[in-house]
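*Asks:* I have a structure here, written as structure tokens, and I will follow up with some questions on it.
Protein chains: 2
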Amino acid sequence: MVKLKDLARELNVSITTVSRALNGFSDVNEETRARVSAAAERLGYRPNMNARRLVTGRAHTIGLANPSESSLIHEAHIAEFLSGIGEALSESEYDLLLIPYKQNDEIERYKRAIASNRVDALIVGSIFLNDPRIDFLHKVGMPFVVHGRTETALPYAFIDIDNESVGYKSAIALLDKGHRRIGLLNGPADMTFARDRELGYRRALAERGIAFDSALTDNAMMADAHGFAATQRFFALKKPATALIAGSMANAIGAIRAIRTAGLMMGKHVSLIAHDDIFHFLKPESMVPTLTTTTSSMRAAGHRAAEMAIRLLDGEPVENLQQVWDVELNERESVGPAPDQG
Amino acid sequence: MVKLKDLARELNVSITTVSRALNGFSDVNEETRARVSAAAERLGYRPNMNARRLVTGRAHTIGLANPSESSLIHEAHIAEFLSGIGEALSESEYDLLLIPYKQNDEIERYKRAIASNRVDALIVGSIFLNDPRIDFLHKVGMPFVVHGRTETALPYAFIDIDNESVGYKSAIALLDKGHRRIGLLNGPADMTFARDRELGYRRALAERGIAFDSALTDNAMMADAHGFAATQRFFALKKPATALIAGSMANAIGAIRAIRTAGLMMGKHVSLIAHDDIFHFLKPESMVPTLTTTTSSMRAAGHRAAEMAIRLLDGEPVENLQQVWDVELNERESVGPAPDQG
DNA sequence: CCAAGTATCCAAAACGTTTTGAATAAAAAG
DNA sequence: CTTTTTATTCAAAACGTTTTGGATACTTGG
């Protein structure tokens, strides 16, 4: 492995000069810099990252906690989010450290990563309404970016989508078609995004003077099987649901199966709107019938989160690093007028 | 941040003693060790990983290349595999570095990570029949574990499932039920696992004296939409398929939609066997009808790959680190006798 | 021609560990 | 009582960078 010393000897200059030449300092002659760069290129020099980390005190690494076990988050979401982060980081020569944790291990793992100087900043996801991680990271002074939001008075950087609007727009679109019994296949009740979506859903109902019925909401991990079960429950009510809002493509698939199993037709007997986080392997526009969705890119969120982390490290104040993305509704065939309720 | 020097001063011993006490060397008095440990605990000492890395020359980190863009691999596979790796690594105090790459950037990214001392070993996945990465890593002498296999004379550590058997067992199960026209929804032709599955599928056909028909195989990214399209193609043949083998749950979902769209019933008019890599959010046993699958855990593979990487670094010879896991067939309702071909 | 600036280079210190080789004291062996 | 062994400790070097604070030589301005 070629190091600074080797280059210095080769070129008959000091280690300092080599270092400063490669790092673009102005106090080195351009001709010298050219010679150094050429030699570095020729000999394939790459700075030893660990030496650099030690002396600068910066790991040049962003950390992301990753659940080792079953998670509340669909696997595909994590992977898309990760890719987005990776995309942004590789543009900036930052590293991405995955911090595996199990059950309630997360803060302990954070502590370890922070104290041992492994990371300069963290990206935290899967946020709860009252998430202890925010307080903790604040207390220890570790820079972090949140994917989502939580209830706290502390200022923090975040990227989130307008989940209230997801619930609202979906419900309004269905109400506009005459639906009055709309089932909400939502995420876990203690997660912020799920709470927000229900808030939007309720606001839409209230605007149209329709009473909220808790029998028409389901809070669970957004999985295929849960979507199926909850939909069947909504259909079994005295006044069954004629429309559904699914929190993700995962439970939408379960809902669709329940619809078909009940012998109903999507877009005719039952309408469905799902939230789509955009996967390569499951596209609402190629389903039969095509699926009406609210859309937001998990990958883009990861990208933005990573960008924010870097800007945070560059000294950007937290107040400038708070974004809520709007979500658009893509109307397709799975939504139709409410059937006559005879 | 408390360091060795602080502990040493606090305890009136040398830095050396503190270091050796904490690292379990036998040449330190047990009473001293106890005092040191207590102080370390009390002051919250954590070794600076970067200093340790610099002096030992070991990054104590395993790397995994992660596609920044659309991938041939379903997002959920990546996440499950990652979790498995994380599980194993956190047990061993190893770090996991994600190495993002785009398009044909992969080897360049490997070079960077290796030369800058960021990783001690790599885990490589998404393997092709002739994969240049194996030769490269061999050449530069970087330890690595392959998830899958490739065609090379070089010895290398790998964990793989018996994909030939996946194809064979699935086909035999369908042939046993009288099916003669079996569509194969396979992965990309240049990927080893897909080649192997086709080999097994062909062997089964050959055993039963049935001619291979290339119109009944599809090679593509294993996505929902492709499963749908290929299944429709198989149904449109003069002699349509009465059974299907899907390479993943992703294209199985597309296949199921095509079956329903054609007005057919799964397990009655058409039989389906899918390969299931085990996700929390899509379970074959909770589908309607339940889905017959070959099963192998992506997570377990990740776990094992990471274990192997560590054993490799501990000096275990490559020959002891080559495993092929058997795959079992789980019979459920999606397979039934071949319908009368009139 | 001198003073002050400017451009260019470098030796040495520092980052926080691990490890080597030796030093000391106490115990055991002769 | 001397020598050898054993247990315990430590000072110093090393890892490969970055950064500080000069040093040198050359320009420029007066």
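So the sequences go chain by chain: A and B. In this text, residue positions in the first sequence follow the working numbering: the first is 1, and each later residue adds one. In this text, residue positions in the second sequence follow the working numbering: the first is 343, and each later residue adds one. By construction, the Cβ of each residue, glycine as well, lies at the ideal position given by its N, Cα and C atoms. Small disclaimer: the values here were computed from a predicted structure and weren't measured.
Taking all protein chains shown into account, decide if D682(B) is buried (16 or more other Cβ within 10 angstroms of its Cβ) or exposed.
*Replies:* Exposed is the call here.
*Asks:* Beta-carbon of H489(B) versus every beta-carbon of chain A: anything under 9 Å?
*Replies:* Not one chain A Cβ lies under 9 Å of H489(B).
*Asks:* With C-beta atoms as the reference, is G148(A) less than 9 Å away from G125(A)?
*Replies:* Going by C-beta atoms, G148(A) is nearer than 9 Å to G125(A).
*Asks:* Since L364(B) contacts A382(B) with CB under 8 Å, what's their CB separation in whole angstroms?
*Replies:* At roughly 6 Å, the Cβ-Cβ gap stays under 8 Å, so L364(B) and A382(B) are in contact.
*Asks:* Below 9 Å on C-beta distance, what does A59(A) contact in chain B?
*Replies:* Near A59(A) (Cβ distances below 9 Å), the residues of chain B are M391 and N392.
*Asks:* If you draw a straight line from the C-alpha of V669(B) to the C-alpha of N593(B), how long is it?
*Replies:* Cα to Cα, the separation comes out at about 19 Å.
*Asks:* How big is the Cα-Cα spacing for V508(B) and L64(A)?
*Replies:* So the alpha carbons of these two residues sit roughly 35 Å apart.
*Asks:* Under 9 Å between the Cβ atoms of L329(A) and S170(A)?
*Replies:* Yes; because the gap between Cβ atoms is below 9 Å, this pair is in contact.
*Asks:* DSSP three-state label for M608(B), please.
*Replies:* Strand.
*Asks:* Do L438(B) and T398(B) have their CB atoms nearer than 9 Å?
*Replies:* Not a contact, by the Cβ cut-off of 9 Å.
*Asks:* Determine the extent of the alpha helix (DSSP H) in which I85(A) is found, giving its start and end residues.
*Replies:* Start and end: E75 to E91.
*Asks:* Less than 8 Å between the CB atoms is what I'm expecting for L174(A) and I273(A), so what's the real figure, rounded?
*Replies:* 7 Å between Cβ atoms; contact.
*Asks:* Can you give the Cα-Cα distance for D218(A) and P47(A), rounded to whole angstroms?
*Replies:* Those two C-alpha atoms are separated by around 54 Å.
*Asks:* Using a Cβ-Cβ cut-off of 7 Å (strictly less than) and excluding sequence neighbours within five positions of N472(B), which residues of its own chain qualify?
*Replies:* Only T492 and E493 meet the Cβ criterion.
*Asks:* Could you check which residue in S14(A), G302(A), L4(A) and M1(A) has the C-alpha nearest to that of I159(A)?
*Replies:* I159(A) has its Cα closest to that of G302(A), out of S14(A), G302(A), L4(A) and M1(A).
*Asks:* So what's L129(A) in DSSP terms, helix, strand or just coil?
*Replies:* Correct three-state label for L129(A): coil.
*Asks:* Helix, strand or coil: how does DSSP classify Y510(B) here?
*Replies:* Looking at Y510(B) - three-state DSSP - the assignment turns out to be helix.
*Asks:* Residues bridged to L97(A) by DSSP?
*Replies:* In DSSP, L97(A) forms a bridge with G63(A) and L439(B).
*Asks:* Below 9 Å between beta carbons is the criterion; list the residues of the stretch 179–196 of chain A that meet it against any residue of chain B, in chain order.
*Replies:* Flagged: no residues at all.
*Asks:* Give the straight-line distance between the Cα atoms of T634(B) and R602(B), rounded to the nearest whole angstrom.
*Replies:* Straight-line Cα distance between these residues: approximately 17 Å.
*Asks:* Enumerated in chain order, which unbroken segments of the alpha helix (DSSP H) with a length of 4 residues or greater are wholly contained in the stretch 507–560 of chain B?
*Replies:* With a minimum length of 4 residues, the continuous alpha helix (DSSP H) runs that stay inside the stretch 507–560 of chain B are 534–549.
*Asks:* Can you tell me which of the three DSSP states H645(B) falls into?
*Replies:* If DSSP states are grouped into helix, strand and coil, H645(B) belongs with the helices.
*Asks:* Is D348(B) helix, strand or coil when you go by DSSP?
*Replies:* In this structure, D348(B) counts as helix in the three-state DSSP scheme.
*Asks:* Does any residue of chain B have a CB that is nearer than 9 Å to the CB of A300(A)?
*Replies:* A300(A) does not count as touching chain B.
*Asks:* Using DSSP with H/G/I as helix, E/B as strand and the rest coil, what is V324(A)?
*Replies:* If DSSP states are grouped into helix, strand and coil, V324(A) belongs with the strands.
*Asks:* How is I615(B) classed by DSSP in three states: helix, strand or coil?
*Replies:* It is a strand residue.
*Asks:* Out of curiosity, what's the CA-to-CA distance linking E372(B) and T359(B)?
*Replies:* Those two C-alpha atoms are separated by around 12 Å.
*Asks:* Between the stretch 258–271 of chain A and chain B, which residues of the former have CB atoms less than 7 Å from a CB of the latter, in chain order?
*Replies:* Within the stretch 258–271 of chain A, the qualifying residues are R260 and T261.
*Asks:* Determine, for R395(B), whether the minimum Cβ-Cβ distance to residues of chain A falls below 9 Å.
*Replies:* Yes, its Cβ sits closer than 9 Å to a Cβ of chain A.
*Asks:* Just the Cα atoms here: how many angstroms apart are F621(B) and P240(A)?
*Replies:* Their Cα atoms are separated by approximately 31 Å.
*Asks:* Verify whether the separation of the beta carbon atoms of A157(A) and V140(A) is less than 9 Å.
*Replies:* No; because the gap between Cβ atoms is not below 9 Å, this pair is not in contact.
*Asks:* Does the distance from the C-beta atom of R451(B) to that of S90(A) stay below 9 Å?
*Replies:* Result yes, Cβ atoms of R451(B) and S90(A) sit closer than 9 Å.
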